[in-house]
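Reading through the structure tokens given below for one structure.
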Amino acid sequence: MKYFYAFFFLFFTFSSVAQSPGGQSGNLRMWLKANAGVTTSVWNDQTSNNNDFSQYTSSLRPSLTNNIINFNPAYYFDGGDYFNGQNRNYRRALVYFVIRGENWGNRSRLLNNNSYSLRYEQWNNTGTLGFTRYGIRDYNSGISSPYGQVSIISFEKSNNSSNVLVKKIVDGVSSTNNLNTGSSNSRFPLNEYGRYLQGYTAEIIFYDNTKGSSAENRIESYLAIKYGVTLHNNYLHSGGTTIWNRSGNSGYLNDVAGIGRDDTSGLNQGKSKSVNSSSRITIANGTNISSPASFTSNRSFLLWGHNDGLTNSFSQTYYGQANSGIARKWKVNETGSVGNVRLQIAKSALPSGVNRLLVSTNASFPNNVSTQMVDLIDSGSNWEATVNFSNNQYFTFYRHNLPPVLSTIESADLEYCDGSVLITNTITASDTESDLITATITISSGFESGQDELEYSPVSGVTVSSSSDQTIVLNAASPANMSDALQAISFRNNETSGSLVTGSRTITFTLNDGNSDSNQLSRNVIVHAKPNPVGVFHE
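Here is the structure:
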């Protein structure tokens with residue numbers, strides 16, 4: 051039995067330290083995350099240090115909201131809610147917060163006691179992050195409180211220093227300032243959190259010592275992937291390997307987001323979308339956007355960012371077709387093994403007529419083996435596609451032109467003797483993109499110059515681009531109008547001198563939408579000698 055207890059103790063001890071933000075377990079004093087260890091009254095510390103935060107007065111409890119920050123939960127503080135913590139404070143510390151402030155308040159506090167306070171908003175609506183020594187002074191960082199934005203905020207202080215380093219990461223920009231608090235004895239408290247704060251808090255990480263830049267980079271990478279915040283530097287997994295390199299992905303650094311699994315960090319982000327307002331793309335692991343699949347391998351990641359191109363028009367030449375693609379392009383980095391993912395974008399974010407996703411190792415999306423064309427799936431108000439990306443591929447959205455189609459022409463020959471005769475009354479024109487431009491009708495075989503002639507009876511919405519006895523070219527924006535026009539084409543033979551050339555003429559119809567020709571339909575006209583007139587003679 052003692053061996054069992056020894057094993058249990060070792061297992062429990064390993065489990066309690068196996069997971070830490072960015073794999074940084076040293077000096078981790080408190081770890082609160084809204085997707086673990088939460089109840090209606092207690093936010094449980096995920097370390098073994100029991101630095102739980104609680105609120106047993108129901109009217110003062112913040113509310114837990116699911117799927118609010120990159121599909122993760124967060125506590126909402128309404129300005130009157132707060133958590134009580136532990137009567138502990140630290141002269142040296144590094145603390146991270148993931149916050150989305152909602153409304154300007156007054157003296158919004160983060161961590162606080164009766165002597166010191168880390169501030170989301172300094173006293174009297176200054177709208178800046180800061181630090182307070184009660185009865186001494188408010189220290190204003192000059193860094194704006196990021197209302198309406200999800201941010202990663204940190205405060206850092208060394209043991210024998212009077213300086214507090216304040217940092218805010220929002221939308222790929224890091225803002226920092228060193229505040230001289232006037233005393234090396236200034237402390238970071240754990241007594242209380244969130245009083246007067248209006249907004250969401252998803253995670254709090256507290257170390258009782260400073261960390262080096264590499265460790266901080268791993269912690270911030272963990273938070274950025276989990277909460278859809280774009281970093282200002284490289285992304286690293288808990289082992290220190292770069293999974294998104296800023297210089298290597300230059301030009302595609304907007305709205306960086308990612309999915310991935312990192313067991314050491316306790317990260318399993320199966321679905322993600324950048325929290326920035328300009329973001330368009332949601333990606334989920336597997337083939338179901340609503341129910342992401344589990345990752346099969348640890349330290350597997352897929353990250354993406356874009357070039358900030360416009361998404362509202364087809365302005366680019368992709369796959370050999372002019373004005374077929376949007377200007378925005380995304381680049382992906384894959385680490386480990388991710389496999390199929392489901393991509394989603396709102397239809398309202400793209401121009402009408404989009405029907406394909408292009409994936410390529412070449413950002414120009416040429417018409418060759420380097421480019422893959424993926425059908426978009428109609429999912430109500432969204433487009434979706436399933437893709438298995440590879441590292442350093444690009445993707446964008448594209449209007450793949452389908453050629454216009456001609457249908458239903460009579461199979462029997464048209465027997466002609468005299469006058470003007472309609473060639474067909476059944477032919478129809480159609481075009482998936484409704485961008486029909488021209489129709490060409492020509493006597494492609496058997497034409498007799500000076501005798502044969504094509505005629506056109508005008509139809510509303512259709513104009514004549516060019517016309518000769520042998521060929522007529524029509525322009526129309528509407529397939530329906532073009533169908534009417536094709537049925538208004540007649541054949542006439544004008545020979546009256548007795549030199550009529552009889553036999554077969556072939557009349558051919560072809561459409562073009564500016565990119566591709568349609569199929570061709572033809573009908574043969576058999577020209578017969580004109581019958582002699584029948585007369586009645588009187589003597």
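The working numbering runs 50 ahead of the 1-based position in the sequence shown.
Cβ coordinates follow ideal geometry from the N, Cα and C atoms, glycine included.
Could you say if the region 239 to 247 and the region 122 to 136 meet the contact criterion of at least three C-beta pairs nearer than 8 Å? Touching, yes.
Would you check if the region 165 to 175 and the region 217 to 225 touch, i.e. whether three or more CB-CB distances between them fall below 8 Å? As far as the Cβ criterion goes, the region 217 to 225 does not touch the region 165 to 175, which means the pair count is below three.
For Leu-486 and Val-388, the rounded distance between their alpha carbons: Going from the Cα of Val-388 to the Cα of Leu-486 covers about 42 Å.
Leaving out the 5 sequence neighbours to the left and right, which residues in its chain are closer than 6 Å to Lys-83 when beta-carbon positions are compared? If we look at Lys-83 and ignore the five residues flanking it on each side, its Cβ neighbours are Glu-253.
Going by other Cβ atoms of all chains shown within 10 Å of its Cβ, with 16 needed for buried, is Trp-630 buried or exposed? For the chain, the structure presents residues 51 to 589; residue 630 sits outside this window and is missing.
From the DSSP output, in three-state form, read off Arg-111 for me. It is coil, neither helix nor strand.
Taking its Cβ as the centre, do 16 or more other Cβ atoms sit within 10 Å of Asn-326, making it buried, or is it exposed? Here Asn-326 is buried: its Cβ has 16 or more other Cβ atoms, across all protein chains shown, within 10 Å.
By the three-class DSSP mapping on this structure, what secondary structure does Arg-187 have? Correct three-state label for Arg-187: strand.
Let me check understanding here. Comparing Cα to Cα, which of Asn-99, Ser-350 and Ser-225 lies closest to Ile-275? Of Asn-99, Ser-350 and Ser-225, the residue nearest in Cα terms is Ser-350.
Taking the C-alpha atoms as reference points, what is the distance between Thr-367 and Asn-284? Between Thr-367 and Asn-284, the alpha-carbon positions lie close to 32 Å from each other.
Closest Cα partner of Thr-107 within the set Ser-212, Ser-233, Thr-346 and Ser-91: When only C-alpha atoms are compared, the closest one is Ser-91.
Using the beta-carbon count (16 or more within 10 Å), is Tyr-53 buried or exposed? Bear in mind that a pLDDT of 38 at Tyr-53, under 50, signals an unreliable position, so the model cannot answer this.
Enumerate in chain order the residues of its own chain whose CB-to-CB distance from Ala-86 is below 7 Å, with the five nearest sequence positions on each side excluded. So the qualifying residues of the chain are Gln-96.
CB-CB under 7 Å to Leu-596, same chain, minus the five flanking residues each way: which ones, in chain order? In the structure displayed, the chain extends from 51 to 589; residue 596 sits before or after that span and is not available.
Beta-ladder partner(s) of Leu-593, from DSSP: The chain is shown from 51 up to 589; residue 593 falls before or after that span and cannot be answered.
Where Ile-477 sits in the DSSP three-state scheme: The answer is coil: DSSP assigns Ile-477 none of H, G, I, E or B.
Go ahead and label Asp-258 buried or exposed: buried means 16 or more other beta carbons lie within 10 angstroms of its beta carbon, across all protein chains shown. Per the 10 Å Cβ criterion, buried.
Assigned secondary structure, Pro-123 (DSSP; H/G/I helix, E/B strand, else coil): In the three-state scheme derived from DSSP, where H, G and I count as helix and E and B as strand, Pro-123 is classed as strand.
For Val-216, the residue or residues it bridges with in DSSP: Phe-205 and Asn-227, per the DSSP bridge assignment.
Given a cut-off of 8 Å, decide if Pro-239 and Asn-162 are closer than it, judged by their beta-carbon atoms. With contacts defined by Cβ atoms closer than 8 Å, Asn-162 and Pro-239 form a contacting pair.
Flag this pair as yes or no: are the beta carbons of Ser-201 and Ile-149 separated by less than 8 Å? Yes, these two residues count as a Cβ contact at 8 Å.
Provide the residue(s) that pair with Val-200 in DSSP beta bridges, ordered along the chain. Looking at the DSSP assignment, Val-200 forms a beta bridge with Arg-150.
Three-state secondary structure (DSSP) at Lys-261? Coil, per DSSP.
What distance in whole Å lies between the Cβ atoms of Asn-438 and Trp-294, which are believed to be in contact at a cut-off of 8 Å? The beta-carbon distance between Trp-294 and Asn-438, rounded to whole angstroms, is 19 Å. This is too long to meet the 8 Å contact definition.
Boundaries of the alpha helix (DSSP H) in which Leu-536 is found, first to last residue: Here the alpha helix (DSSP H) through Leu-536 covers 529 to 536.
Taking 8 Å as the cut-off, does the region 422 to 434 touch the region 371 to 378 (at least 3 CB pairs, one atom from each stretch)? Between the region 371 to 378 and the region 422 to 434, the count of Cβ pairs shorter than 8 Å is below three; the stretches do not touch.
Cβ distance (whole Å) where Arg-542 is taken to contact Ser-461 below 8 Å: Cβ-Cβ separation between Arg-542 and Ser-461: approximately 23 Å, too far for a contact (criterion under 8 Å).
When we look at the beta-carbon of Pro-508 and count the other beta-carbons within 10 Å, is it buried (16 or more) or exposed? Its Cβ having fewer than 16 others within 10 Å, Pro-508 is exposed.
Interface flag, Tyr-184 vs chain B, CB-CB below 8 Å: The chain inventory of the structure shown lacks chain B, comprising one protein chain alone.
Chain-order list of residues whose beta-carbon lies under 7 Å from that of Asn-227 (same chain, five-residue window excluded): Around Asn-227: Ser-191, Gly-192, Ile-193 and Val-216.
Span of the alpha helix (DSSP H) around Ala-413: Neither: Ala-413 is in no alpha helix (DSSP H) and is coded neither H nor E.
Based on Cα-Cα distance, which residue from Val-223, Ser-566 and Asn-209 lies nearest to Arg-142? Cα-wise, what sits closest to Arg-142 is Asn-209.
Going by alpha carbons, who is nearest to Thr-476 out of Tyr-466, Asp-468 and Thr-458? Out of Tyr-466, Asp-468 and Thr-458, Thr-458 has the C-alpha closest to the C-alpha of Thr-476.
Can you tell me the Cα-Cα spacing of Thr-178 and Ser-167, whole angstroms? Computed Cα separation, rounded: 14 Å.
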